[in-house]
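**Q**
Chains as they are written, first to last, in the UniProt record's numbering: chain C, 1 to 397; chain G, 1 to 397.
1. Could you spell out where the alpha helix (DSSP H) holding residue 75 of chain G opens and where it closes?
2. Rounded to whole angstroms, what is the Cα-Cα separation between residue 174 of chain C and residue 138 of chain G?
3. Between which two residues does the beta strand (DSSP E) harbouring residue 350 of chain G extend?
4. Answer yes if the stretch 240–249 of chain C comes into contact with the stretch 80–95 of chain G, meaning at least three C-beta pairs across the two stretches below 8 Å, and no otherwise.
5. Can you tell me which of G:279, G:259, G:207 puts its alpha carbon nearest to the alpha carbon of residue 187 of chain C?
6. Does the CB of residue 349 of chain C have a neighbour CB from chain G at under 8 Å?
7. Relative to the C-alpha of residue 185 of chain G, which candidate in G:260, G:255, G:261, G:329 has its C-alpha closest?
8. Whose C-beta lies closer than 8 Å to the C-beta of residue 281 of chain G among residues of the same chain, with five residues either side of it excluded?
9. Out of C:88, C:29, C:25, state which residue places its alpha-carbon closest to the alpha-carbon of residue 56 of chain C.
10. Report the rounded CA-to-CA distance for residue 372 of chain C versus residue 392 of chain C, giving the unit in angstroms.
11. Measuring only the C-alpha atoms, how far is residue 233 of chain C from residue 365 of chain C?
12. In terms of alpha-carbon separation, which member of C:321, C:332, C:297, C:26 lies closest to residue 355 of chain C?
13. Where do the N-terminal and C-terminal ends of the beta strand (DSSP E) with residue 26 of chain C fall, by residue?
14. State yes or no: is the beta carbon of residue 465 of chain G nearer than 8 Å to at least one beta carbon in chain C?
15. For the alpha helix (DSSP H) holding residue 202 of chain C, just list the boundary residues, first then last.
16. Restricting to Cα atoms, I'd like to know which of G:359, G:99, G:37 is closest to residue 159 of chain G.
17. Among the candidates G:100, G:262, G:27, whose CA atom is the shortest distance from the CA of residue 45 of chain G?
18. Please list, in chain order, the chain C residues whose beta carbon lies closer than 8 Å to that of residue 138 of chain G.
19. Suppose only complete runs of 3+ residues qualify. What are the beta strand (DSSP E) ranges in the stretch 61–139 of chain C, listed by chain order?
20. What is the rounded straight-line gap between the Cα of residue 34 of chain C and the Cα of residue 163 of chain C?
21. Taking residue 94 of chain G as the query, report the chain A residues whose CB atoms sit under 7 Å from its CB, ordered along the chain.
22. Hey, is residue 217 of chain G's beta-carbon within less than 8 Å of any beta-carbon in chain C?
23. With DSSP run on the structure shown, which of helix, strand or coil describes residue 37 of chain C?
24. Along the stretch 238–253 of chain C, what residues have a CB closer than 7 Å to any CB found in chain G?
25. Would you list the one or two residues that DSSP bridges to residue 286 of chain C?
26. If you count every other CB in all the chains shown that lies within 10 Å of the CB of residue 236 of chain C, and 16 or more means buried, which is it?
27. Quickly, what does DSSP pair residue 265 of chain G with across the bridge? List them, please.
28. Verify the CB distance criterion: does residue 46 of chain G have a CB-CB separation below 8 Å to chain C?
29. Are residue 267 of chain G and residue 395 of chain G close, meaning C-beta to C-beta below 8 Å?
30. Distance check for residue 239 of chain C and residue 285 of chain G, CA to CA, integer angstroms please.
31. I'd like the span of the beta strand (DSSP E) that includes residue 152 of chain C, first residue to last.
32. So, with DSSP's three-state summary, where would you put residue 333 of chain C?
33. Given that residue 236 of chain C touches chain G, what residues does it touch there, using C-beta distances under 7 Å?
34. Got a sec: is the Cβ-Cβ distance from residue 150 of chain G to anything in chain C below 8 Å?
35. Report yes if the C-beta distance between residue 258 of chain C and residue 210 of chain G is below 8 Å; otherwise report no.
36. Is any heavy atom of the ligand HEM found at a distance shorter than 7 Å from the C-beta of residue 325 of chain C?
Given below as structure tokens:
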């Protein structure tokens, strides 16, 4: 049976928690409430599709962490987390999807009964992931109303920031995700063709994503394959439909490989027959821009310099891109494989460090067509490692 | 190109909005802020994997709806929504994933500039989906701080409740989702076997889900295939791993068919070789319970009676189930295919109406094994319609 806790050593989990507590101390927090499933997985290994009902990990500065989930999920949590049974608490089914109560009403009371409220309110504020998916205003107000002792503040993606520099074990999983990604992109390129239904191409990609390789399996992607096509490729987030690909269309394929929740996304563009010459022009400029950005990557380089490198290259061709050039990646759960921390753009203030990992996305959503090219990369000791190795040209079929 | 708006007539969209406004009037609301992607799809047809950045539909009692999304998504929104361009507004990229601002800071100002705040504050309160996925406390506080004129209240899944009775066009899509579901379940039963890797079975299911049928394609499922296996089937929400199925295991398969965002889920249990006799015992009791529940379904019947029918049948066998017996289904986006309104349990106060649709889930998560059996159904004029027709026995291989 798969046990998430076997993925990493006890020492690695201890380091993660210590790093989180260092950040907590710096932000003057006595405890944090962790609700993002990726952060929960990072700290305790818990992994199940249970995040559609509320769950939280209570992380105090001192003392043990406690994980709260729906009763049926708490019951089996030990299959993926290393937390001992006494630190896993299930809330009753009668709190699920009912208008006048919220599971965190119960959780707040459980925290009180366990004498966990006073210690957390003594030394400072209690941090919450105020912009986390799956942490609703109702959940927030339940805690706010039931625990007036706490000074609730935003912890500003505290755990996400700790995640931004990867351990060697994490890099290994991302390399495996990269191999799964290569299989999926190969399936995409093999399948996408004139006359083929979009859904059949998506099905082939999806199968490759989950099959993985002979040696290890694929995990579910945090985002399904996206394939904006032809004129509709002027916007990035359309999924497939049941119509067929037609000659003259450029098909943007953005997909990921996933392995044990770690992600390695990749985008390429497939030209079906003769396409608008503008696509070729943009493809050339974009590939040059991406190459320049990859060459600029090294520890110590400010992320905003990567954005400038990209902007300058594009400007030579009279082009520009308004959206960010990339973002930090690693663990992902639907709906997003990004870490919501570092974005590569001129306003960003981060400095590259070894073992940071990014999806560099050169997405050009033009009027009436689109082109996309990306790489998932690691900042290495001296430069950059790409997790996959597909040619960066427009793919012609 | 696929246009979501072509799925339903203008008249159907008008009826949906009118029904929502009737509920708004009943709850004394002058406007609602709709953030649940399923509710946005229901009201305006907008459909893209863009819900990982904030988006909202402003629905006033009087006047036109306005949809706010990230700039790159607003740009292509017309490909799936029938809303005219002037009612689609993109917020700048510089508000995406930054610690000190939120897109709804900008949206609040845009609402003010469009003179939409005063009308909404005059007649009553403004309702928000306080427990919606993808509506964070930070988003809520952005609106709360920037629009002090509004009395913000919980609208309690208002649009979700309107969705609970389906139109004929919706039922047609759910029947198609049922056909996709049958293909996916067949793929599961064909593939799951001793020595097969779990990930390979999940890959086959996923391919069938997205391929759909020869006549129409499948859409992405709101929840990936779940397959708790053997001892780990004592908890429902585990996904697959890369290990192989072994003899003596009972494999619980819960999956869905999806078509144009409408869902039809189904669960069956596959016994690999000789399994624990307790599984047979539970399988028999569960099938009898489900059959009794299906026979009890008809318009006018209280949902709590279905729960009682189930409980009584189970009690005959000395069994009980703590969690709800089912829930309302229809449109789904990750992470949930349920509508978060009617739950079939003894505390529920709903009365069945024709064209309500449910997933009746008889999930028995026992100690050391599990068994699951379900049907997706429509309340018909006189009884029940099941969307698929698999035998309800334990499947032996």
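Note that CB positions come from ideal geometry on N, CA and C, so glycine has one too.
The structure displayed is predicted, hence computed values, not measured ones.
**A** Based on what the coordinates show:
1. 71–76
2. Taking the straight line from one Cα to the other gives about 31 Å.
3. Here residue 350 of chain G belongs to no beta strand (DSSP E), and DSSP marks it neither H nor E.
4. no
5. When only C-alpha atoms are compared, the closest one is G:207.
6. no
7. G:255
8. 317
9. Proximity to residue 56 of chain C across C:88, C:29, C:25 peaks at C:88, based on C-alpha coordinates.
10. 10 Å
11. 7 Å
12. Ranked by how close their Cα comes to the Cα of residue 355 of chain C, the residues C:321, C:332, C:297, C:26 have C:297 in first place.
13. Taken as a continuous stretch (DSSP letters only), residue 26 of chain C belongs to no beta strand (DSSP E), being part of the alpha helix (DSSP H) at 10–26.
14. No information on residue 465 of chain G is available, as it lies outside the stretch 1 to 397 that chain G covers here.
15. 198–211
16. G:37
17. G:262
18. Going along chain C in sequence order, the residues near residue 138 of chain G (Cβ under 8 Å) are 130, 131, 154.
19. 66–70, 88–91, 125–128
20. 14 Å
21. The structure shown contains no chain A; the protein chains it does contain are C and G.
22. With 8 Å as the cut-off, residue 217 of chain G counts as an interface residue toward chain C.
23. helix
24. 238, 239, 241, 242, 243
25. For residue 286 of chain C, DSSP assigns no beta-bridge partner whatsoever.
26. buried
27. According to DSSP, residue 265 of chain G bridges with G:256.
28. no
29. no
30. 42 Å
31. 152–154
32. strand
33. 72
34. no
35. no
36. The ligand content of the structure shown is nil, which means the ligand HEM is not present either.
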